[in-house]
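So the structure is just underneath, and the comments pick up after that.
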Amino acid sequence: MGRAQGARERLMSRTDAAAHSSTRRHKILPMTSSRNRTALFALVCAIILVTLEVAVFNIGTWLSPAANAAVTCQLSELSSRTSTQSSHSSCTSTLDGASLNDGILTIHDFGATLTLTVPKDAADRGIRTLSFAPGQPGQNTTSSGTSSSSEKTASSFFSSLTIGEKTVTLRADRPTFIFLPDAVTNQIRQTGRLALHFLSGSKSTPSLDQNTPTRIPLSSVTLNARKPFHISLTRLTFLAIIAALVWALRPRSRLHATVLDPSSRAQKLAFWLLFAAPIAILSLVQVANNGFFVGTDQWHDAHNYIYSYRHYILVAESILEGHPWVNLPVDPAFDALVNPYDPQLRNTILAQDPSPRIYWDFAFYNHHWYSYFGVLPALAFYLPFHAIFGQWPSIFTIILPLMAASIILLSATTIRFIHRYFPEASVAHSIIALITLLIGLNFLPLVAATTIYVVAFSSALFVSSLGLFIWMRVSPERSKRENRIRMAAGSLLLALSVACRPTFIFMAILVLPIFLELVWGTRLLDVAREALVCILPAVLGLLPALWYNVWRFGSVFNFGAQYQITVTDMRHLHPTWLATLEGMGYYLFTPLHFNPNAPYLETPHILTSTWIHRETIIAGFFVFTPVVFVALLSVLLPSVRRALKPRFLWLYPVCGTLMGLFLCMFITRSGGLAWRYYIDFSWAFVFGSFAPLMALLVQKKKRSTWLYAGLTIYQVLVLLLTVFIANRFGTLTQYAPSIWSSVTDALTLLP
1 MGRAQGARER LMSRTDAAAH SSTRRHKILP MTSSRNRTAL FALVCAIILV
51 TLEVAVFNIG TWLSPAANAA VTCQLSELSS RTSTQSSHSS CTSTLDGASL
101 NDGILTIHDF GATLTLTVPK DAADRGIRTL SFAPGQPGQN TTSSGTSSSS
151 EKTASSFFSS LTIGEKTVTL RADRPTFIFL PDAVTNQIRQ TGRLALHFLS
201 GSKSTPSLDQ NTPTRIPLSS VTLNARKPFH ISLTRLTFLA IIAALVWALR
251 PRSRLHATVL DPSSRAQKLA FWLLFAAPIA ILSLVQVANN GFFVGTDQWH
301 DAHNYIYSYR HYILVAESIL EGHPWVNLPV DPAFDALVNP YDPQLRNTIL
351 AQDPSPRIYW DFAFYNHHWY SYFGVLPALA FYLPFHAIFG QWPSIFTIIL
401 PLMAASIILL SATTIRFIHR YFPEASVAHS IIALITLLIG LNFLPLVAAT
451 TIYVVAFSSA LFVSSLGLFI WMRVSPERSK RENRIRMAAG SLLLALSVAC
501 RPTFIFMAIL VLPIFLELVW GTRLLDVARE ALVCILPAVL GLLPALWYNV
551 WRFGSVFNFG AQYQITVTDM RHLHPTWLAT LEGMGYYLFT PLHFNPNAPY
601 LETPHILTST WIHRETIIAG FFVFTPVVFV ALLSVLLPSV RRALKPRFLW
651 LYPVCGTLMG LFLCMFITRS GGLAWRYYID FSWAFVFGSF APLMALLVQK
701 KKRSTWLYAG LTIYQVLVLL LTVFIANRFG TLTQYAPSIW SSVTDALTLL
751 P
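Going by UniProt numbering, 201 is the number at position 201 of the sequence shown; the sequence numbering is gapless.
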């Protein structure tokens, strides 16, 4: 009996061991299979990328003429309406309305023309391509260094000319290659001449002043040039990022199988090493590159306004001196105007006085200049910086660290939100939400075009995001004391945003579901106590802004925006309600506008029934962030509505949508249309969309996962392309022309 019992136990032990071994094999096999699929995908992607790089993106090399067909026309010294023949070829060049000296073409007259007489044999074969070479290093340089004359004397990085119906943009740093239209090739064959018509000014200058002629670096023109074969690391990196996103966000990826766990050491390390730390380091590097201390921050042209970036510095100085106005001189003629806010009256002074002391975008009130920007950045950042270093900070020193901190805090808040309400959500789900957050809040364009206006956005975002981050830890499972400390601190920070940019105070609506979850079902007296814990610190946070308003303009809610000296009289002229609705339509639903040149997008033309202030925008909010739009629409699905019933989750999409529409209307009426204003209302739509987005994703339906993965990749593509739009506000053609040039070249198939 004992031996039989022992035999049964040994048999069961072997069976359990076999089962355990089988289980281990089943755990390992998927890992091996996953690695094999990853390796196969990487191999296929590498083959596709190399094929695209060689055969598609370098198609210009294979279509351009052979190298021995090239004819180079060297351009020597030329005066207007004179001609010369190159010693290296039979090309003859003639200038009209311009002169050429040491590789610099100086445009004197509108419609200047450079005409090349093409050798007959080359013209008969057909001129299909051109290459323009800028001035060579060392030509006519009197200063030390290795910089070329083009860098020293060119009017701008870019210059434009036309050849037939084709517009060509010349770069100052390297040769420019183009294919000629067939009509131009046929015309050269018939006439033996090639005419280059230079436009009136460069892309970076709005007009051509005859007293300051445009200078273009140009040393030679090569006919039938062969396009060099070039492997673009920028292009390969861009395509590799898209491929990696496709692989990471596909329904069966490892990231979809990994549950989001903020307490996981590995996930924390990944967040900091792959996301937060690079953002922080990059911001500090950019601050170091641009300078810690304030430099040139005021500009003035004859018969024009004075443009200054010293708003917060002047506010800080006025606080130290004990008066509310800023120390800017008041022009007597301007002060004597019946209505100094009328731009037509101001224009009369600008026309008469070459050096008027009228400051653009400052507020003018009771014979003094004021800044209508919030006071908190001056109190919290500028004054302490000056006290420590004895100098005032540059706007980069303020904006970039605050933006980096805001991005990290809002991302951490989003992760806390997902884990709080959807503990079964995966890492891939959080990545989709984080990408939507970063794109929806328009961070990259604000950082790319760093101006004084971004100080208000970055400081308001910082205090608001810190307040939300603290509030997201409030929970019924925590002690009452701990919750009250967090609610008080979070409410104080959210209220302080009024002293930066008032629209961000409405972020407080996002804590309403948390508060209701905490007090629901308790006594009315307990509800009142918890409400006071939130209200009293909020009132304390509002006091600096409200006191500053009274000190400046004598009213609690007068922030001074109506006194600003800008494009119109803000006290009397406001958009009609019809124009407001049209502006909201542009803000939310403007489609992408395409053009044939890289990056293949352009800013749309805005037309409303009556006047509304407008700057360039790129697309409607729901067009460049469709994840938000689809997520908000998904509330109509019964399964999503059921998922949003517990814990007041339904309040997020409802309050977010209503608040987003209200703020969009408010911004349209008060500020008009501008790309930088999106962030004033977009946060409401973005945070309102997270609850229905997660409710749908955690159902793990393949169709929904592919839909949101595809929309996320679309958002990334559109964002990267819109950064390089040439006619946008804060274009990189002004701030980083070499980067813009290299990226658009990488995206161009046939120039």
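Ideal placement from N, C-alpha and C gives every residue a C-beta, glycine not left out. Keep in mind the model is a prediction, meaning the values are calculated, not measured.
Reducing DSSP to helix, strand and coil, say where residue i ends up.
| i | result |
| --- | --- |
| P401 | helix |
| H593 | strand |
| W650 | coil |
| L11 | Only weak support is given to the placement of L11: the predicted model assigns it a pLDDT of 43, under 50, and the question is left unresolved by the model. |
| C655 | helix |
| S144 | In this predicted model, S144 has a pLDDT of only 36, less than 50, meaning its place in the structure is not dependable; the value taken from the coordinates is given anyway. It is coil, neither helix nor strand. |
| N58 | coil |
| D745 | helix |
| T522 | coil |
| P384 | helix |
| I313 | helix |
| F179 | strand |
| F559 | coil |
| C91 | coil |
| S394 | coil |
| T222 | strand |
| Q286 | helix |
| S308 | strand |
| K120 | helix |
| K702 | helix |
| T51 | helix |
| M263 | Met is not the amino acid found at residue 263; the sequence shown has Ser there. In this structure, S263 counts as coil in the three-state DSSP scheme. |
Can you tell me whether residue i is buried or exposed? The criterion is at least 16 other CB atoms within 10 Å of its CB, across all chains shown.
| i | result |
| --- | --- |
| S355 | exposed |
| Q190 | exposed |
| T169 | buried |
| residue 758 | Examination of residue 758 is not possible in this model, given that the chain is present from 1 through 751 alone. |
| T450 | buried |
| P692 | buried |
| A351 | exposed |
| S93 | buried |
| H429 | buried |
| Y372 | buried |
| P445 | buried |
| S465 | buried |
| D569 | buried |
| R265 | exposed |
| I679 | buried |
| L208 | With a pLDDT of only 39 at L208, under 50, the local geometry of the prediction cannot be trusted, and the value read off the model is given with reservation. Buried. |
| G467 | buried |
| V184 | buried |
| G660 | buried |
CB-CB under 8 Å to residue i, same chain, minus the five flanking residues each way: which ones, in chain order?
| i | result |
| --- | --- |
| D335 | H367 |
| R125 | A69 and N224 |
| I349 | D331, A333, F334, L337, P356 and I358 |
| L749 | V56, F57, I59 and G60 |
Just checking: is the beta-carbon of residue i within a distance shorter than 7 Å of some beta-carbon in chain D?
| i | result |
| --- | --- |
| A316 | Looking at the structure shown, chain D is missing, and only one protein chain is on hand. |
Using a Cβ-Cβ cutoff of less than 6 Å, which residues in the same chain neighbour residue i once the five nearest sequence positions on both sides are dropped?
| i | result |
| --- | --- |
| K152 | Note that K152 has pLDDT 45, beneath the 50 cutoff, so the model's placement of it is unreliable and no number is given. |
| V447 | M403 |
| F385 | P393 |
| E530 | V519 |
| L383 | A316 |
| T162 | H197 |
Less than 7 Å between C-beta atoms, sequence neighbours within five positions excluded: which residues of the same chain meet that for residue i?
| i | result |
| --- | --- |
| M584 | C664, M665 and T668 |
| V375 | V315, A499, P544, A545 and Y548 |
Report yes if the C-beta of residue i is less than 6 Å from at least one heavy atom of the ligand FAD; otherwise report no.
| i | result |
| --- | --- |
| L75 | The model on display carries no ligand, and the ligand FAD is accordingly not part of it. |
I want to know whether the stretch 407-421 touches the stretch 432-446 - three or more CB-CB distances under 8 Å. yes
Say whether the stretch 445-460 touches the stretch 497-513, bearing in mind that this needs 3 or more beta-carbon pairs closer than 8 Å, one atom from each stretch. In short, these stretches touch, since the Cβ pair count reaches three.
Just checking, does the stretch 274-291 make contact with the stretch 396-405 on the three C-beta pairs under 8 Å criterion? yes
Is the stretch 671-689 close to the stretch 600-618, with three or more CB pairs under 8 Å? yes
Below 8 Å, how does it come out for the stretch 535-547 and the stretch 483-497: are there three or more Cβ pairs, yes or no? yes
Curious, which full-length beta strand (DSSP E) runs of at least 3 residues does the stretch 329-382 contain? Counting only unbroken stretches of 3 or more residues, the beta strand (DSSP E) elements lying wholly within the stretch 329-382 are 363-365 and 368-370, in sequence order.
Any alpha helix (DSSP H) of 4 or more consecutive residues that is wholly inside the stretch 602-629: 621-624
Could you say if the stretch 182-196 and the stretch 108-124 meet the contact criterion of at least three C-beta pairs nearer than 8 Å? yes
Which runs of the alpha helix (DSSP H) at least 4 residues long sit entirely within the stretch 405-485? Give them in chain order. Secondary structure within the stretch 405-485: the alpha helix (DSSP H) runs of 4 or more consecutive residues, fully enclosed, are 427-440, 443-448 and 453-471 (chain order).
Okay, do the stretch 693-707 and the stretch 617-631 touch, 3+ Cβ pairs below 8 Å being the bar? yes
Across the stretch 233-253 and the stretch 40-51, are there enough close Cβ pairs to call them in contact, namely three or more that are closer than 8 Å? Yes, the stretch 233-253 is in contact with the stretch 40-51.
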